[in-house]
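Residue numbers (my numbering), protein chains in the order written: chain W, 1 to 165; chain G, 1001 to 1505.
The beta-carbon is built from N, C-alpha and C at its ideal position, and this holds for glycine as well.
Quick notes on the structure that follows.
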């Protein structure tokens, strides 16, 4: 544990540096919004102050990271407690890719087709499920969600160019 | 309105068919997600926010509250039978609960955990009915300066007990407050940080952010690594097997009583919650025990006390939200978002403006606890069967729910994109050991914080001294400053103290 703390994790440092850059940019924009006008606080005052607070603590966290004082052990995480083995980067990338690409497919293809494609990628490629269970879960999930949300709750899910759904 | 009148109104609301139905849905979903490791109450409540748009505010809050305290019941089932706590609040239950199950006493462990939670739930409900209006009466005299100081103290307290590094949590608080300023300025009406995007003019949506940070990020976290094989111990088949013996009751009565009171007291504090309460109760019971060596080997007091404490704390955390408008943990933050979606601002005026909601929610907790004890005993095998649903089916289903939920808010795919971005950000935050909970809490409180801060400065003629001239705000800020300095002092002392040569005990 002492050894792990002595060397700062590159991810920790990178995250804090990104935050510092973000709050620096936000602080600069806040100045442009105006800090004080007509005898009252302007729109930029509060964002400037909170940017300064975030920057101050990000610098402190960076110092603590390099000084080997932090971060402390993370809060108990029920997910990681049941996991083992190496990071599955490909699987995470597939999941993240699906989440980010799904909305772009939904308007042209409609809810049913886009959801079927997304579930196929997740079940077949990310989870490496066999063809038959993939098809069963896919049909059940698409059918049920369309039935519950579109028919039962009246959510107007997009039909897309194909007019399905 | 007096206490009895309020309770009578609460019973009239909570025993209505809609409230009863939503309370039952809430506690059943809560128990189910408590059983399922990975999907916590924060993620579930976030995912269900879009559905509550279509419900009346009282039913929405009753259902969402049921999910929260129902999850406390459910998480103990897996803690006892699989040694995996469904929620962090049941970590302590793993110690003696699992040992009891290994020795063939899973029934009494599960039964005592359910009865203890039930008794604690009733104690907490009575406490909320007594303390809630009292606190509202005090808070009604708060002005903008006091509110600014209270929010500041609340946010700092949250960072102290969230489990990770205080400094990093404070960074997240700053970012959350910054995120709350995106959109139109609440006073002047000018655009801030919208980058010309039309959808950002109304600001970021709490439901979208919560679904991303807790729902999608949870799915990504579950996809990270392979699952460990876990051994499910035999669960009791008959209701009779769940009933604790007379000796169990004798051993557990005092721990349940102490756990309920301790949990309630800790749950009242901003930042306090079920996790700390369960740990504190376990430590207290071990210290008070004449045979502390039994703890860790299947002592029923080690299950009864912490399980009572975590349920009492979960319910007590409603007091700061309903009476002060300050959510004490992230679940309460999301609940506050649910109320605000319906145009209701929680706070001291809630008791006067929405008495049906205030008392209805309190009494529904009593009803919900009763439902949990009645439902959970016969439904235990069903909940245990949930553990057999493979994660690789559960994760895609959660994703579908997130996507449809986000879309249904405004019938816009832009909301799904925003949710996806926050999902990936939430996962990255976890990887960088930056807790998204203080971020979301600060985001929820940001509007109130900025409004009170600017109004205070206006009243004080631009001088920040107004915060120190008012005794309540000065006291609250002094406490906040003390909490801020404390970790620095502790860090300095640690640096100055020579490193121990031996292994720490």
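If you run the structure through DSSP and keep just helix, strand and coil, what is residue 1317/G? Here residue 1317/G refers to the residue found at position 317 when the second chain is read from its first residue. In this structure, residue 1317/G counts as coil in the three-state DSSP scheme.
Mind checking if residue 149/W is an interface residue toward chain G, Cβ cutoff 7 angstroms exclusive? Here the question's residue 149/W lines up with position 149 in the first chain. So yes, residue 149/W belongs to the interface.
Check whether the Cβ of residue 1070/G lies closer than 7 angstroms to any Cβ atom in chain W. Residue 1070/G sits at position 70 when you count from the first residue of the second chain. Cβ-Cβ to chain W under 7 angstroms: no for residue 1070/G.
Residue 120/W to residue 134/W, Cα distance in whole Å? In the first chain, counting from the first residue as 1, residue 120/W sits at position 120. In the first chain, counting from the first residue as 1, residue 134/W sits at position 134. The straight-line gap from Cα to Cα measures roughly 7 angstroms.
Using 7 angstroms as the limit for Cβ to Cβ distance, is residue 1432/G near chain W? In the second chain, residue 1432/G corresponds to position 432, counting from 1. Residue 1432/G counts as touching chain W.
The alpha helix (DSSP H) spanning residue 106/W covers which residue range? Translated into positions along the first chain, residue 106/W becomes position 106. Start and end: 89-120.
Straight-line gap, residue 1309/G to residue 1064/G (C-alpha atoms, nearest Å): On the second chain, residue 1309/G is found 309 positions in, with the first residue counted as 1. On the second chain, residue 1064/G is found 64 positions in, with the first residue counted as 1. Near 20 angstroms, if we compare the C-alpha coordinates of residue 1064/G and residue 1309/G.
Based on DSSP bridge pairs, tell me the residues matched to residue 37/W. Your numbering for residue 37/W matches position 37 in the first chain. In the DSSP output, where bridge partners are listed per residue, residue 37/W has 40/W.
Beta-ladder partner(s) of residue 1184/G, from DSSP: Walking along the second chain from the start, residue 1184/G turns up at place 184. Partner(s): 1191/G.
Whose C-beta lies closer than 6 angstroms to the C-beta of residue 1205/G among residues of the same chain, with five residues either side of it excluded? Looking up residue 1205/G in the second chain gives position 205. Excluding sequence neighbours, residue 1205/G sits near nothing in its chain.
Give me the subset of the segment 38-52 of chain W whose CB atoms are less than 9 angstroms from a CB atom of chain G, sorted by chain position. 39, 40, 41, 42, 43, 44, 45, 46, 47, 49, 50, 51 and 52
Quick one: is residue 25/W buried, meaning 16 or more other Cβ sit within 10 Å of its Cβ, or exposed? If you number the first chain from 1, residue 25/W lands on position 25. Result: exposed.
With DSSP as the reference, identify every bridge partner of residue 1226/G, one or two as the case may be. Counting from one through the second chain, the residue named residue 1226/G turns up at place 226. DSSP lists 84/W as partners of residue 1226/G.
Name the residues in the segment 1209-1226 of chain G whose C-beta lies less than 8 angstroms from a C-beta of chain W; which are they? 1216, 1218, 1219, 1220, 1221, 1222, 1223, 1224, 1225 and 1226
Where the alpha helix (DSSP H) containing residue 949/G begins and where it ends: Because chain G here runs from 1001 to 1505, residue 949/G falls outside it and cannot be looked at.
Against chain G, with Cβ distances strictly below 7 angstroms, would residue 92/W count as a contact? Here the question's residue 92/W lines up with position 92 in the first chain. It does: the Cβ of residue 92/W has a partner Cβ on chain G nearer than 7 angstroms.
Enclosing alpha helix (DSSP H) for residue 963/G [first to last residue]: Residue 963/G lies beyond the stretch modelled for chain G, which goes from 1001 to 1505, so this question has no answer here.
Does any C-beta atom of chain G lie closer than 7 angstroms to the C-beta of residue 76/W? In the first chain, counting from the first residue as 1, residue 76/W sits at position 76. Per-residue confidence for residue 76/W stands at a pLDDT of 48, beneath the threshold of 50, marking its modelled position as unreliable; the derived number appears in the next sentence. Judged by the 7 angstroms Cβ criterion, residue 76/W is in contact with chain G.
Hey, how far is the Cα of residue 1201/G from the Cα of residue 1183/G? In the second chain, counting from the first residue as 1, residue 1201/G sits at position 201. In the second chain, counting from the first residue as 1, residue 1183/G sits at position 183. C-alpha separation (whole angstroms): 4 angstroms.
With 16 other CB atoms within 10 Å as the buried threshold, where does residue 1454/G fall? Within the second chain, the letter at position 454 stands for residue 1454/G. Buried, by the Cβ-count rule.
Find out if the Cβ-Cβ distance for the pair residue 1442/G, residue 1155/G is shorter than 7 angstroms. For the purposes of this step, residue 1442/G is taken as the residue at position 442 of the second chain. For the purposes of this step, residue 1155/G is taken as the residue at position 155 of the second chain. Yes, they are a contact pair.
For a contact defined as C-beta to C-beta under 9 angstroms, what are the partners of residue 107/W on chain G? Against the first chain, residue 107/W aligns to sequence position 107. Here the neighbours are 1413.
Proximity test, residue 1049/G beta-carbon vs the ligand ADP heavy atom, cut-off 6 angstroms: Annotation note on the ligand ADP: not contained in the displayed structure, which lists no ligands.
Note down, in chain order, every chain W residue with its Cβ under 8 angstroms from the Cβ of residue 1256/G. In the second chain, residue 1256/G corresponds to position 256, counting from 1. Result: empty, since nearest Cβ-Cβ is about 24 angstroms, beyond 8 angstroms.
Rounded to whole angstroms, how far is the Cβ of residue 1209/G from the Cβ of residue 1422/G, which I believe are closer than 8 angstroms? Sequence index remark: in the second chain, residue 1209/G carries index 209 (1-based). Sequence index remark: in the second chain, residue 1422/G carries index 422 (1-based). Right, the Cβ-Cβ distance comes to about 5 angstroms (below 8 angstroms), so this counts as a contact.
Verify the CB distance criterion: does residue 141/W have a CB-CB separation below 7 angstroms to chain G? For the purposes of this step, residue 141/W is identified with residue 141 of the first chain, where counting begins at 1. It does: the Cβ of residue 141/W has a partner Cβ on chain G nearer than 7 angstroms.
Can you tell me whether residue 1411/G is buried or exposed? The criterion is at least 16 other CB atoms within 10 Å of its CB, across all chains shown. In the second chain, counting from the first residue as 1, residue 1411/G sits at position 411. Label assigned to residue 1411/G: exposed.
Could you confirm whether any beta carbon from chain G is found closer than 7 angstroms to the beta carbon of residue 13/W? Taking the first chain and counting its residues from 1, the one referred to as residue 13/W is at position 13. Output row for residue 13/W: interface = no.
Can you grab the Cα-Cα spacing for the pair residue 1327/G / residue 161/W, in whole Å? Your numbering for residue 1327/G matches position 327 in the second chain. Your numbering for residue 161/W matches position 161 in the first chain. Cα to Cα, residue 1327/G sits roughly 45 angstroms from residue 161/W.
Name the residue from 51/W, 88/W, 158/W and 144/W whose alpha carbon lies nearest to the alpha carbon of residue 22/W. One-based indexing of the first chain puts residue 22/W at position 22. Ranking the options by Cα distance to residue 22/W, first place goes to 51/W.
Taking 7 angstroms as the cut-off, decide whether the C-beta atoms of residue 1167/G and residue 57/W are in contact. Numbered from 1 along the second chain, position 167 holds the residue referred to as residue 1167/G. Numbered from 1 along the first chain, position 57 holds the residue referred to as residue 57/W. It is a contact, given that the beta carbons lie within the stated cut-off.
Nearest-angstrom Cβ-Cβ length linking residue 1371/G and residue 1023/G, presumed shorter than 8 angstroms: Translated into positions along the second chain, residue 1371/G becomes position 371. Translated into positions along the second chain, residue 1023/G becomes position 23. The pair is a contact, with the Cβ atoms about 6 angstroms apart (cut-off 8 angstroms).
Report yes or no: is there a C-beta of chain W within less than 7 angstroms of the C-beta of residue 1096/G? Position 96 of the second chain, counted from the first residue, corresponds to residue 1096/G. Not closer than 7 angstroms to any Cβ of chain W, the Cβ of residue 1096/G fails to qualify, so no.
Three or more C-beta pairs below 8 angstroms linking the segment 1413-1428 of chain G and the segment 89-103 of chain W: yes
C-beta neighbour in chain W for residue 1192/G, strict 7 angstroms: As a first step, residue 1192/G is located in the second chain; it is residue number 192 there, counting from the start. Judged by the 7 angstroms Cβ criterion, residue 1192/G is in contact with chain W.
Hey, is the segment 1454-1473 of chain G in contact with the segment 1134-1151 of chain G, meaning 3+ C-beta pairs nearer than 8 angstroms? yes
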